[in-house]
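>
There are 2 protein chains.
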Amino acid sequence: MNIQTPDWVKHAVFYQIFPDRFAKSETSRHQFLMMPNWEEWDAHPTPQGYKGGDLWGVVEKLDYIKDLGINAIYFTPIFQSACNHRYHTHDYYLVDPILGGNKALEALLDAAHQRDIKIVLDGVFNHASRGFFFFNDILENGPYSPWLNWFKIEDWPLSAYDGSKPANYVSWAGNRALPEFNHDNPEVREYIMRVAEYWLEFGIDGWRLDVPFEVKTPGFWQEFRQRVKAVNPEAYIVGEVWIDSRPWLDGTQFDGVMNYLFTAPTLAFTGGERVRMELVEGPSYSPYPPLSASEYASKIQELLNLYPWEIQLTQLNLLDSHDTARVLSIVDGDKASVELSTLLLLTYPGAPSIYYGDEVGLPGELDPDSRRAFPFQQHWDEHTLNYHKQLIAIRHQYPALRTGGYQTLFAEGLVYVFARILDDQEVIVAVNSDNESAKITVQAGSLKSRPEKVLYGDVKLSWEGENLTLNLPQRSGCILAVNP
Amino acid sequence: MNIQTPDWVKHAVFYQIFPDRFAKSETSRHQFLMMPNWEEWDAHPTPQGYKGGDLWGVVEKLDYIKDLGINAIYFTPIFQSACNHRYHTHDYYLVDPILGGNKALEALLDAAHQRDIKIVLDGVFNHASRGFFFFNDILENGPYSPWLNWFKIEDWPLSAYDGSKPANYVSWAGNRALPEFNHDNPEVREYIMRVAEYWLEFGIDGWRLDVPFEVKTPGFWQEFRQRVKAVNPEAYIVGEVWIDSRPWLDGTQFDGVMNYLFTAPTLAFTGGERVRMELVEGPSYSPYPPLSASEYASKIQELLNLYPWEIQLTQLNLLDSHDTARVLSIVDGDKASVELSTLLLLTYPGAPSIYYGDEVGLPGELDPDSRRAFPFQQHWDEHTLNYHKQLIAIRHQYPALRTGGYQTLFAEGLVYVFARILDDQEVIVAVNSDNESAKITVQAGSLKSRPEKVLYGDVKLSWEGENLTLNLPQRSGCILAVNP
Chain A
59 MNIQTPDWVK HAVFYQIFPD RFAKSETSRH QFLMMPNWEE WDAHPTPQGY KGGDLWGVVE
119 KLDYIKDLGI NAIYFTPIFQ SACNHRYHTH DYYLVDPILG GNKALEALLD AAHQRDIKIV
179 LDGVFNHASR GFFFFNDILE NGPYSPWLNW FKIEDWPLSA YDGSKPANYV SWAGNRALPE
239 FNHDNPEVRE YIMRVAEYWL EFGIDGWRLD VPFEVKTPGF WQEFRQRVKA VNPEAYIVGE
299 VWIDSRPWLD GTQFDGVMNY LFTAPTLAFT GGERVRMELV EGPSYSPYPP LSASEYASKI
359 QELLNLYPWE IQLTQLNLLD SHDTARVLSI VDGDKASVEL STLLLLTYPG APSIYYGDEV
419 GLPGELDPDS RRAFPFQQHW DEHTLNYHKQ LIAIRHQYPA LRTGGYQTLF AEGLVYVFAR
479 ILDDQEVIVA VNSDNESAKI TVQAGSLKSR PEKVLYGDVK LSWEGENLTL NLPQRSGCIL
539 AVNP
Chain B
59 MNIQTPDWVK HAVFYQIFPD RFAKSETSRH QFLMMPNWEE WDAHPTPQGY KGGDLWGVVE
119 KLDYIKDLGI NAIYFTPIFQ SACNHRYHTH DYYLVDPILG GNKALEALLD AAHQRDIKIV
179 LDGVFNHASR GFFFFNDILE NGPYSPWLNW FKIEDWPLSA YDGSKPANYV SWAGNRALPE
239 FNHDNPEVRE YIMRVAEYWL EFGIDGWRLD VPFEVKTPGF WQEFRQRVKA VNPEAYIVGE
299 VWIDSRPWLD GTQFDGVMNY LFTAPTLAFT GGERVRMELV EGPSYSPYPP LSASEYASKI
359 QELLNLYPWE IQLTQLNLLD SHDTARVLSI VDGDKASVEL STLLLLTYPG APSIYYGDEV
419 GLPGELDPDS RRAFPFQQHW DEHTLNYHKQ LIAIRHQYPA LRTGGYQTLF AEGLVYVFAR
479 ILDDQEVIVA VNSDNESAKI TVQAGSLKSR PEKVLYGDVK LSWEGENLTL NLPQRSGCIL
539 AVNP
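Order-wise, the sequence lines are chains A and B.
According to the working numbering, the first sequence holds residues 59 to 542 in order.
According to the working numbering, the second sequence holds residues 59 to 542 in order.
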């Protein structure tokens with residue numbers, strides 16, 4: 059089939075925002091929070107505390123985001139939820155009042171679109187929450203509820219809050235706070251489709267789908283795609299699938315997935331032995347054991363072979379997220395590992411996604427620590443911020459880095475070199491992950507040009523015919539292009 | 059102070075509708091109820107079952123309502139609620155999807171206003187429900203909730219659903235399903251005021267307030283009145299207060315209350331020994347012991363002396379409601395008692411309110427039986443329907459019955475006679491509650507006219523000077539006016 063994905067995603071650099079923690083508006087516009095008991099902004103986050111970030115705060119920081127080079131934002135959930143991460147949806151039609159409500163989202167969409175920034179929301183459609191009306195009705199009315207068939211009730215009575223008794227309904231990952239929808243019920247299916255349509259009509263640019271692999275109803279995501287694209291053919295649909303995602307990436311369902319299959323080898327190659335196992339053994343990806351350059355090359359080639367090229371260009375590539383520890387902590391504080399992996403992220407096909415705060419050197423272990431509040435400026439790591447800006451700018455400047463083909467040129471020891479090629483534009487990227495400097499010679503006969511302009515990094519280079527000799531300092535990388 | 063109440067209420071005849079039970083739309087317009095498991099419409103209601111009545115159904119029956127002579131409807135709650143009576147509010151901004159959602163209310167308001175029918179909603183502002191977002195957040199987050207101070211938390215942990223442990227929060231009447239708002243919190247106060255304003259701006263004509271006496275925050279209802287009247291100076295505010303309501307009827311708070319102080323003596327006089335004690339001992343009114351005519355006269359005089367006249371004219375008078383047994387059952391099926399009490403209701407100052415179904419002879423013991431579905435036409439008592447129409451029409455025809463003064467003319471044995479007087483218009487009402495026919499002579503020297511036209515009832519009469527002789531059959535009543 060002819061696979062079509064949204065063109066803008068191929069050119070996007072995403073910023074992932076956890077709304078409670080990114081920015082709190084200077085002037086409170088809350089209608090009903092006159093005396094909120096927020097946790098201190100810069101205190102370590104707790105599993106249940108709120109810091110009071112809101113969408114008005116995001117509006118105020120859009121110029122910062124734009125200046126960083128971002129042109130798309132993926133928000134973790136923003137709908138009303140009795141939970142700071144808001145994955146426990148209480149009302150799918152209401153932006154959380156703490157975040158500013160629907161009005162704040164409207165203002166944010168306007169302000170973002172004025173700056174050519176797209177907005178993608180998190181769709182949590184596998185499960186709801188105990189307070190979600192249709193489930194709450196079952197808690198209140200038991201077998202008399204008109205909504206019985208909306209969830210998976212197994213027996214009576216239900217025990218939603220008392221963990222010492224069986225819940226008697228199916229919940230996600232056995233967490234009784236998250237009752238699973240019965241997607242086989244056409245009413246539920248229609249309800250979810252309409253939620254998706256509603257917010258697209260409201261003006262959002264796409265949906266990130268939470269645990270979509272849990273929904274096993276035949277045709278569900280196919281219909282979802284049809285209805286989403288009917289509202290906005292350029293809407294982005296990206297699934298949270300951590301593993302081989304071919305079942306969802308055949309062109310009839312998602313435009314891409316959260317590409318942890320890129321994350322894992324990239325961290326294993328750049329972080330190597332520094333990767334702290336206690337931070338990575340839990341989540342469903344494996345940035346270990348350490349990889350050599352050739353092992354990395356083959357992992358990347360495998361990944362590039364896995365999905366159609368049109369899909370590759372609209373994958374959501376990332377180094378970390380609210381579901382993992384932050385990359386700086388994973389690599390035990392080693393800044394070079396972060397820089398090298400960020401270099402690989404920003405030069406890979408598909409849309410890179412920066413997890414808010416990574417760009418200013420924010421560390422964070424597993425949840426809740428990975429969800430710290432965005433630091434005050436005096437704590438920013440300016441070097442990290444600068445190379446983020448640089449790498450993003452270079453990606454925007456060179457179409458080859460976005461939609462060009464990918465060709466591995468060299469992979470020996472801990473040195474990895476590849477080219478991105480679009481028509482006549484050829485860009486070379488090299489990474490030396492070794493603790494020693496490396497002098498290597500790359501046979502580049504496949505290239506038509508001789509890129510020698512150093513766009514990024516501290517490297518010495520020389521061309522002799524088809525051979526490019528690179529002298530890379532330890533733990534460094536570079537980007538080369540042809541002089542204009 | 060100069061008390062002002064809405065003029066239209068003085069001329070209104072209300073119809074009280076329990077939305078789940080009045081009418082189910084012919085064509086289902088439900089978005090998500092494709093296979094509802096409603097209880098059978100004509101089966102006895104259960105405490106938790108739904109019958110699936112909706113506002114579209116009310117729209118379809120507006121012509122019936124109009125034909126009955128009704129020009130105002132009071133709805134028990136219609137907002138989203140996990141409860142068939144909807145007093146457990148889940149979302150104050152959403153008409154229950156089962157009822158057709160906000161769209162159905164909009165359509166209903168349009169259709170009703172086209173027919174000069176006003177719509178008053180039930181405001182349940184003392185307590186919310188366990189699924190109401192702001193309370194549910196406390197259940198989910200405990201001490202970390204930003205909304206802690208919205209309710210009255212006494213200790214941890216909360217036990218919302220397990221009755222074997224202390225709830226640890228204040229709930230209405232000790233029912234843990236109904237957590238009480240903390241009205242002393244200015245956020246809560248503001249929230250409720252805005253809900254009230256929102257629906258008035260949406261187009262409703264007033265608020266009936268559920269258990270408003272429970273809200274003890276100084277100035278709360280005064281502010282409520284100011285803000286309601288600022289949106290619509292003609293909006294009606296009627297409180298559910300069963301007893302002496304002077305604290306709320308000083309002109310700064312409510313326009314009226316549900317006038318159970320009229321209900322009780324009226325049933326005690328007309329029903330007498332027939333009143334079934336087991337149906338009336340529970341609720342907060344006392345239609346017992348049986349009253350003689352003179353006892354009734356003094357109760358009525360007491361009531362007329364209790365509040366300013368401007369308030370009397372906008373009281374909501376009723377014989378029964380969703381909170382009591384139906385009058386037909388209270389009087390042990392004696393239809394004459396119902397007719398006589400209805401005659402007294404429709405000729406009393408203040409707005410009469412007919413509880414849906416009473417007009418077609420629907421019986422009903424205490425809740426849930428008093429909330430039966432509106433009967434299919436083959437079960438209507440046409441005689442009852444006819445005298446309802448007649449009495450309502452007479453009330454509309456004679457302004458004296460609405461805003462005229464009240465003067466008792468005769469009260470002996472079980473015969474009670476009074477006049478309603480507005481300028482030159484004088485209307486006489488007589489009730490013989492006795493099992494024997496009565497021939498009485500009323501000294502009517504205080505009247506300017508000699509009403510001799512029988513508007514209602516089967517009576518023989520003659521005037522001799524100031525003396526009116528009435529020959530009333532047993533258990534009957536009449537209305538007399540001057541021939542035009």
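Glycine included, every Cβ here is placed at the ideal spot set by N, Cα and C.
All values reported here derive from a predicted model rather than from experimental measurement.
What residues from the segment 428-457 of chain B come within 7 Å of chain A, judged by C-beta to C-beta, listed N to C?
Result list empty, no residue passes.
> Between Ile128 (chain B) and chain A, is any beta-carbon pair separated by less than 9 Å?
Taking the first residue of the second sequence as position 1, residue 128 (chain B) is located at position 70. No, no contact with chain A.
> Taking its Cβ as the centre, do 16 or more other Cβ atoms sit within 10 Å of Thr85 (chain A), making it buried, or is it exposed?
Here residue 85 (chain A) corresponds to residue number 27 of the first sequence, with the count starting at 1. The residue is exposed, with fewer than 16 neighbouring Cβ atoms inside 10 Å.
> Please tell me whether Cys536 (chain A) has its Cβ less than 9 Å away from any Cβ of chain B.
Counting from one through the first sequence, the residue named residue 536 (chain A) turns up at place 478. No, Cys536 (chain A) lies away from the interface with chain B (no Cβ there is under 9 Å from its Cβ).
> Compare the C-beta of Leu157 (chain A) with all C-beta atoms of chain B and state if any pair is closer than 9 Å.
Translated into positions along the first sequence, residue 157 (chain A) becomes position 99. No, its Cβ sits nowhere closer than 9 Å to a Cβ of chain B.
> For Arg188 (chain B), decide whether its Cβ has a neighbour in chain A, counting only Cβ atoms nearer than 9 Å.
By one-based count along the second sequence, residue 188 (chain B) stands at place 130. Taking Cβ atoms only, chain A reaches closer than 9 Å to Arg188 (chain B), which makes this a yes.
> Using a Cβ cut-off of 9 Å (strictly closer), state whether His4 (chain A) contacts chain B.
The displayed coordinates of chain A run from 59 to 542. Any statement about residue 4 (chain A) would go beyond what the structure contains.
> Looking only at its chain, what residues have a beta carbon closer than 7 Å to the beta carbon of Ala169 (chain A), apart from the 5 residues adjacent to it on each side?
Against the first sequence, residue 169 (chain A) aligns to sequence position 111. Answer for Ala169 (chain A): Val117, Leu120, listed in chain order.
> Can you check whether the CB of Gly189 (chain B) is closer than 9 Å to the CB of His241 (chain B)?
As a working note, residue 241 (chain B) is residue 183 in the second sequence. As a working note, residue 189 (chain B) is residue 131 in the second sequence. No; because the gap between Cβ atoms is not below 9 Å, this pair is not in contact.
> What is the DSSP secondary structure of Pro410 (chain B), reduced to helix, strand or coil?
Translated into the one-based positions of the second sequence, residue 410 (chain B) becomes position 352. Strand, per DSSP.
> Please specify which runs of the beta strand (DSSP E), each continuous and at least 3 residues long, are wholly inside the segment 354-425 of chain B, giving them in chain order.
Fully enclosed beta strand (DSSP E) runs of 3 or longer: 374-376, 409-413.
> Quick one: what does DSSP say Glu524 (chain A) is sitting in, helix, strand or coil?
Locating residue 524 (chain A) in the first sequence gives position 466, counting from the first residue. Coil at Glu524 (chain A), not helix or strand.
> Should Ser520 (chain A) be labelled buried (16 or more other beta-carbon atoms within 10 Å of its own) or exposed?
Position 462 of the first sequence, counted from the first residue, corresponds to residue 520 (chain A). Exposed, by the Cβ-count rule.
> Assign His102 (chain B) to one of two classes, buried (16 or more other C-beta atoms within 10 Å of its C-beta) or exposed (fewer than that).
As a working mapping, residue 102 (chain B) is identified with position 44 in the second sequence. Answer is exposed; the Cβ neighbour count stays below 16.
> Take every Cβ of the segment 311-322 of chain B, pair it with every Cβ of the segment 368-387 of chain B, and state whether three or more of those distances are shorter than 8 Å.
With a cut-off of 8 Å, the segment 368-387 of chain B and the segment 311-322 of chain B count as touching, because enough Cβ pairs lie within range.
> Touch check for the segment 160-175 of chain B and the segment 217-224 of chain B: three-plus C-beta pairs under 8 Å?
Verdict: no, contact absent.
> Report the neighbours of Pro224 (chain B) on chain A: residues whose CB is nearer than 8 Å to its CB, in chain order.
Here residue 224 (chain B) is taken as the residue at index 166 of the second sequence, counted from 1. Those within 8 Å of Pro224 (chain B) in chain A number zero; the least Cβ separation is about 14 Å.
> For Phe72 (chain A), report the span of its beta strand (DSSP E) as first-last.
Taking the first residue of the first sequence as 1, we reach residue 72 (chain A) at position 14. That run of the beta strand (DSSP E) goes 72-75.
> Is it the case that the segment 59-69 of chain A contacts the segment 94-110 of chain A, given that we only count it when at least three CB pairs across the two stretches are under 8 Å?
Contact between the segment 94-110 of chain A and the segment 59-69 of chain A is absent, because fewer than three Cβ pairs lie under 8 Å.
> Would you mind telling me which residues of chain A sit closer than 8 Å to Pro204 (chain B), beta carbon to beta carbon, in chain order?
Your numbering for residue 204 (chain B) matches position 146 in the second sequence. Chain A residues near Pro204 (chain B): Leu91, Pro94, Asn95, Trp96, Tyr108, Gly110, Ile156.
> Rounding to the nearest angstrom, what Cα-Cα distance links Thr527 (chain A) and Gly232 (chain A) in this structure?
Along the first sequence, one-based indexing puts residue 527 (chain A) at 469. Along the first sequence, one-based indexing puts residue 232 (chain A) at 174. Looking at the two C-alpha atoms, the distance is approximately 56 Å.
> What residues of chain B sit near Phe260 (chain A), judged by a beta carbon separation below 8 Å?
Counting from 1 along the first sequence, the entry for residue 260 (chain A) is found at position 202. Per Cβ cutoff of 8 Å: no residues; Phe260 (chain A) is ~16 Å from chain B at best.
> Could you name the residues of chain A that Ala81 (chain B) contacts, counting a contact when the two beta carbons are closer than 8 Å?
In the second sequence, the residue the question calls residue 81 (chain B) occupies position 23. Under the 8 Å cutoff, chain A gives no residues; its nearest Cβ is about 17 Å from Ala81 (chain B).
> Could one say the Cβ of Ala162 (chain B) lies closer than 9 Å to chain A's Cβ atoms, at least one of them?
Here residue 162 (chain B) refers to the residue found at position 104 when the second sequence is read from its first residue. No - not a single Cβ of chain A is within 9 Å of the one on Ala162 (chain B).
> Is the Cβ of Tyr219 (chain A) closer than 9 Å to any Cβ of chain B?
The residue you call residue 219 (chain A) lines up with position 161 of the first sequence. Closer than 9 Å to some Cβ of chain B, the Cβ of Tyr219 (chain A) qualifies, so yes.
> Counting Cβ pairs closer than 8 Å, one from the segment 343-352 of chain A and one from the segment 466-473 of chain A, do we hit at least three?
These segments touch.
> Going by DSSP in three states, Ala293 (chain A) sits in which element: helix, strand or coil?
In the first sequence, the residue the question calls residue 293 (chain A) occupies position 235. Three-state DSSP puts Ala293 (chain A) in coil, outside helix and strand.
> For the pair the segment 324-340 of chain A and the segment 290-308 of chain A, tell me if three or more CB-CB distances fall below 8 Å.
Touching, no, given that fewer than three Cβ pairs across the two stretches are closer than 8 Å.
> Spatial neighbours of Glu397 (chain A) within its chain, please: CB distance less than 7 Å, with the 5 preceding and 5 following residues excluded, ordered by chain position.
Within the first sequence, numbered from 1, the residue matching residue 397 (chain A) stands at position 339. So the list reads Tyr445, once near-sequence residues are dropped.
> Report the CB separation of Asn541 (chain A) from Glu510 (chain A) in whole angstroms; it is logged as a contact under 8 Å.
In the first sequence, the residue the question calls residue 541 (chain A) occupies position 483. In the first sequence, the residue the question calls residue 510 (chain A) occupies position 452. With 8 Å as the limit, Asn541 (chain A) and Glu510 (chain A) qualify as a contact, their Cβ atoms being about 7 Å apart.
> Contact check, Leu449 (chain B) vs Leu404 (chain B) under 8 Å by CB: the rounded distance?
Start at 1 with the first residue of the second sequence, and residue 449 (chain B) comes out as number 391. Start at 1 with the first residue of the second sequence, and residue 404 (chain B) comes out as number 346. Contact flag correct, Cβ pair sits at about 4 Å.
> Pick out the complete alpha helix (DSSP H) segments inside the segment 239-307 of chain A, 4 residues or longer, and give them in chain order.
With a minimum length of 4 residues, the continuous alpha helix (DSSP H) runs that stay inside the segment 239-307 of chain A are 244-260, 278-289.
> Pick out whichever of B:Gln280, B:Asn184, B:Cys536, B:Lys287 has its Cα sitting closest to the Cα of Glu259 (chain B).
Reading the second sequence from its first residue, position 201 is the one you call residue 259 (chain B). Residue B:Lys287 is the option with its Cα nearest to Glu259 (chain B).
> Against chain A, which members of the segment 172-199 of chain B pass a CB distance test of less than 9 Å?
Hits within the stretch, in order: Ser187, Arg188, Gly189, Phe190, Phe191, Phe192, Phe193, Asn194, Asp195, Ile196, Leu197, Glu198, Asn199.
> Where DSSP assigns a beta bridge to Glu470 (chain A), which residues make up the other side?
Indexing the first sequence from 1 puts residue 470 (chain A) at position 412. Answer by DSSP bridge pairing, in chain order: A:Val473.
> In chain B, what lies closer than 8 Å to Ala235 (chain A) by C-beta?
Start at 1 with the first residue of the first sequence, and residue 235 (chain A) comes out as number 177. Simply Glu198.
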